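Participant: One structure is given below, represented as structure tokens, and several questions about it will come after.
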Amino acid sequence: MSTALRLTTADQKTVDVQQDILEMSELLKDLTLFHEADSNEAIPMENIDSGTLEIMEKYCQLAKNLPEDENESLSMLDQFFATYEREALFRLVMAADFLHMQQLYDRCCAAIYNLFIHKQSADEIRRNFNLDES
Numbered sequence: 001m002s003t004a005l006r007l008t009t010a011d012q013k014t015v016d017v018q019q020d021i022l023e024m025s026e027l028l029k030d031l032t033l034f035h036e037a038d039s040n041e042a043i044p045m046e047n048i049d050s051g052t053l054e055i056m057e058k059y060c061q062l063a064k065n066l067p068e069d070e071n072e073s074l075s076m077l078d079q080f081f082a083t084y085e086r087e088a089l090f091r092l093v094m095a096a097d098f099l100h101m102q103q104l105y106d107r108c109c110a111a112i113y114n115l116f117i118h119k120q121s122a123d124e125i126r127r128n129f130n131l132d133e134s
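Residue numbers (the UniProt record's numbering): 1 to 134.
Dropping the structure here:
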């Protein structure tokens, strides 16, 4: 798998983005049009930390290999998202939005709903999201 783009993350790490992430991101696809292929210059991504980019890469690998059976696919995705803490999922959904990764954005929003909102009382939701009653 060839490196498509080199990014500098918010935590100042240089990361080589692989083709599978590039293919899912409208923004990164557009950036490759203006970035020379042989350039070692990193593109700054001040909104995304290296840990979030790593989760995105894992998601892209999983998404490529999902079974055709929808129930089995959803089960695998639920297991994937359930391994991360709430804050990591929030960073992930924001990064997916920033990079225009619609599939990841939609699936991450659904996971946040399933994990932290669905079948929760109003008090539990307030507690989960540190919200005041006012």
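By construction, the Cβ of each residue, glycine as well, lies at the ideal position given by its N, Cα and C atoms.
Bear in mind that the values here come from a model prediction, so they are computed numbers and not experimental data.
1) Could you spell out the range, first to last residue, of the alpha helix (DSSP H) harbouring Ile-125?
2) When the Cα atoms are used, what is the spatial distance from Leu-66 to Ala-10?
3) Taking its Cβ as the centre, do 16 or more other Cβ atoms sit within 10 Å of Leu-27, making it buried, or is it exposed?
4) When DSSP labels each residue in this structure, what does Met-101 get in the three-state scheme?
5) From the DSSP output, read off the bridge partner residues of Asp-20.
6) Hey, how far is the Cα of Asp-97 from the Cα of Tyr-105?
7) The ligand COA and Leu-74: does any heavy atom of the ligand fall closer than 6 angstroms to the residue's C-beta?
8) Going by DSSP, what residues sit across from Val-93 in a beta bridge?
9) Check the C-beta distance from Phe-116 over to Arg-86 and give it rounded, since I have them as a contact under 8 angstroms.
10) Specify the secondary structure class of Ile-43 as computed by DSSP and reduced to three states.
11) Within 10 angstroms of its Cβ, does Thr-14 collect 16 or more other Cβ (buried), or is it exposed?
12) When you compare the CB positions of Leu-99 and Ser-50, do they come within less than 7 angstroms of one another, or not?
13) Is Phe-81 buried or exposed, if buried means 16 or more other CB atoms sit within 10 Å of its CB?
Facilitator: So, to answer that:
1) Reading the sequence shown from its first residue, position 125 is the one you call residue 125. Element bounds for Ile-125: 122 to 128.
2) Position 66 of the sequence shown, counting from 1, holds the residue named residue 66. Position 10 of the sequence shown, counting from 1, holds the residue named residue 10. Looking at the two C-alpha atoms, the distance is approximately 30 angstroms.
3) By 1-based counting over the sequence shown, the position of residue 27 is 27. It counts as exposed.
4) Here residue 101 corresponds to residue number 101 of the sequence shown, with the count starting at 1. Three-state DSSP puts Met-101 in coil, outside helix and strand.
5) Indexing the sequence shown from 1 puts residue 20 at position 20. Paired residues: none, contrary to the question.
6) Here residue 97 corresponds to residue number 97 of the sequence shown, with the count starting at 1. Here residue 105 corresponds to residue number 105 of the sequence shown, with the count starting at 1. Rounded to whole angstroms, Asp-97 to Tyr-105 spans 6 angstroms at the Cα level.
7) Summarising the ligand content, the structure contains no ligands, and the ligand COA is consequently not present.
8) Against the sequence shown, residue 93 aligns to sequence position 93. In DSSP, Val-93 forms no bridge with anything.
9) Along the sequence shown, read from residue 1 onward, the residue named residue 116 stands at position 116. Along the sequence shown, read from residue 1 onward, the residue named residue 86 stands at position 86. Sure, about 6 angstroms apart at Cβ, within 8 angstroms.
10) Taking the sequence shown and counting its residues from 1, the one referred to as residue 43 is at position 43. Ile-43 falls in the strand class under three-state DSSP.
11) Locating residue 14 in the sequence shown gives position 14, counting from the first residue. Exposed, since its Cβ has fewer than 16 Cβ neighbours within 10 Å.
12) Indexing the sequence shown from 1 puts residue 99 at position 99. Indexing the sequence shown from 1 puts residue 50 at position 50. Taking 7 angstroms as the Cβ cut-off, Leu-99 and Ser-50 do not qualify as a contacting pair.
13) Within the sequence shown, the letter at position 81 stands for residue 81. Looking at its Cβ environment, which holds 16 or more other Cβ atoms inside 10 Å, Phe-81 is buried.
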